[in-house]
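Student:
Protein chains: 2
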Amino acid sequence: MTSRPARAPEGARGDLFDPLCPTRRLLDRIGTKWTSMAVKVLAEAAPEELRFAALQRRMPGVSQKMLSTTLRNLVRDGLVERRVEPTVPPRVHYRLTALGLSLDGPLAAVRAWAEEHMAEIDRANRLSDERAEED
Amino acid sequence: MTSRPARAPEGARGDLFDPLCPTRRLLDRIGTKWTSMAVKVLAEAAPEELRFAALQRRMPGVSQKMLSTTLRNLVRDGLVERRVEPTVPPRVHYRLTALGLSLDGPLAAVRAWAEEHMAEIDRANRLSDERAEED
DNA sequence: CAGCATCCCGTGCGATACTG
DNA sequence: CAGTATCGCACGGGATGCTG
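As given, the protein sequences belong to chains A and B, one line each in that order.
Residue 57 in our numbering sits at position 63 of the first sequence; the count goes up by one each step and never skips.
Residue 90 in our numbering sits at position 96 of the second sequence; the count goes up by one each step and never skips.
#1: Would you please verify whether the beta carbon of ALA103/B is less than 8 Å from any beta carbon of chain A?
#2: If you check the beta carbons only, do ARG89/B and ALA40/B fall under 8 Å apart?
#3: With DSSP collapsed to three states, give me the class of GLU75/B.
#4: Tell me whether the beta-carbon of LEU68/B lies closer than 8 Å to the beta-carbon of LEU93/B.
#5: When you compare the CB of LEU90/B with every CB in chain A, is at least one pair closer than 8 Å?
#6: So, with DSSP's three-state summary, where would you put LEU131/A?
#7: Measure the alpha-carbon distance for THR64/B versus GLU110/B and round it to whole angstroms.
#8: Quick check on LEU14/A: does DSSP put it in helix, strand or coil?
#9: Could you pull the start and end residues of the alpha helix (DSSP H) that VAL86/A belongs to?
#10: From ARG52/B to PRO80/A, what distance separates their C-alpha atoms?
#11: Three-state secondary structure (DSSP) at MET53/A?
#12: Just checking my contact of ASP98/B with ALA37/B at CB under 8 Å: how many whole Å lie between their CB atoms?
#13: Looking only at its chain, what residues have a beta carbon closer than 7 Å to the beta carbon of GLY8/A, apart from the 5 residues adjacent to it on each side?
#14: What's the call for ALA126/A, buried or exposed, on a 16-neighbour Cβ count within 10 Å?
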């Protein structure tokens, strides 16, 4: 994930069925393991900034490499702003841009649905598993 | 993807930071390449059913294998209902369950955001690329 | 018609180690 | 402190071929 093409859409203004359709490309971003969590954490802290270490503390399990990669991609996408204090050692601060904040709306809807309905999905899975065993 | 663990959450009712948190697990599902498109197509057709071939026709680029896999996972998750007509050759019909339909709400919000804002993300990417070249 | 089985490759991502 | 570099592997997913 170190470098991501994210090429401009070219003739990809087509509907959802185009492999380069906007939704597919957005999901390729927020579908990566740590991205949506980073957006959520930054959205909760907004309008304050968060430093790298603070972000890592609020995202248990993330490695330095993946957090760094995730943030770099978010910055590149214009969803996050990065500010470096020129001290030694340097302090780096992150916060959502207006665009990033606007994305947290739809993401919050997804989170709400997940909180409310994932248990039903788990139930459906258990039912399917039982049916599969008693064949 | 032939088999998916999707194990019950155990003690995973924790917040977003749990690796088994509901949002993370939901994104693992709708983040797969064809899932959200299948949900959209089925939601548009609702309450009518769609046959396998009709789904494939409405999802250009999907292979039989991936469509089959995607649908099997959706059925297993209780988001899609599968009905087989016992004829020869068989006709198989799919439609969203109530749970699946409810998921289309948040997904529609994500789609709307993507349609409206992906161009800005592309612009941000181009800007970053230019800055990177003129170093 | 609606799949499942097999082969194969790209890459997301974790673990570990090093640096200005 | 806030990263980058390297290694390694599991896995998503495409191509192809077979079947009830």
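The C-beta atom is built at its ideal place from N, Cα and C for all residues, glycine as well.
No experiment lies behind these values; they were computed from the predicted model shown.
Tutor: Straight from the coordinates:
#1: Taking the first residue of the second sequence as 1, we reach residue 103/B at position 109. Interface residue, yes.
#2: Here residue 89/B corresponds to residue number 95 of the second sequence, with the count starting at 1. Here residue 40/B corresponds to residue number 46 of the second sequence, with the count starting at 1. In contact: ARG89/B and ALA40/B (Cβ atoms closer than 8 Å).
#3: The count along the second sequence starts at 1 and reaches residue 75/B at position 81. Three-state result, GLU75/B: strand.
#4: Within the second sequence, numbered from 1, the residue matching residue 68/B stands at position 74. Within the second sequence, numbered from 1, the residue matching residue 93/B stands at position 99. Contact: no.
#5: What you label residue 90/B is simply residue 96 of the second sequence in a count that begins at 1. So no, LEU90/B is outside the interface.
#6: As displayed, chain A neither begins before -5 nor continues past 129, which places residue 131/A out of reach and without an answer.
#7: Stepping through the second sequence from its first residue, residue 64/B is reached at position 70. Stepping through the second sequence from its first residue, residue 110/B is reached at position 116. THR64/B and GLU110/B: Cα-Cα distance of roughly 27 Å.
#8: If you number the first sequence from 1, residue 14/A lands on position 20. Coil at LEU14/A, not helix or strand.
#9: Translated into the one-based positions of the first sequence, residue 86/A becomes position 92. Element bounds for VAL86/A: not the alpha helix (DSSP H) but the beta strand (DSSP E), 85 to 90.
#10: The residue given as residue 52/B occupies position 58 in the second sequence. The residue given as residue 80/A occupies position 86 in the first sequence. The straight-line gap from Cα to Cα measures roughly 54 Å.
#11: Counted from its first residue, the first sequence places residue 53/A at position 59. If DSSP states are grouped into helix, strand and coil, MET53/A belongs with coil.
#12: The residue labelled residue 98/B in the question sits at position 104 within the second sequence. The residue labelled residue 37/B in the question sits at position 43 within the second sequence. So it is a contact: roughly 4 Å between Cβ atoms.
#13: Taking the first sequence and counting its residues from 1, one reaches residue 8/A at position 14. With a pLDDT of 41 at GLY8/A, under the threshold of 50, the predicted position of this residue should be treated as unreliable, though the coordinate-derived value follows. Cβ within range, chain order: CYS15.
#14: Translated into the one-based positions of the first sequence, residue 126/A becomes position 132. With a threshold of 16 other beta carbon atoms within 10 Å, ALA126/A falls short and is exposed.
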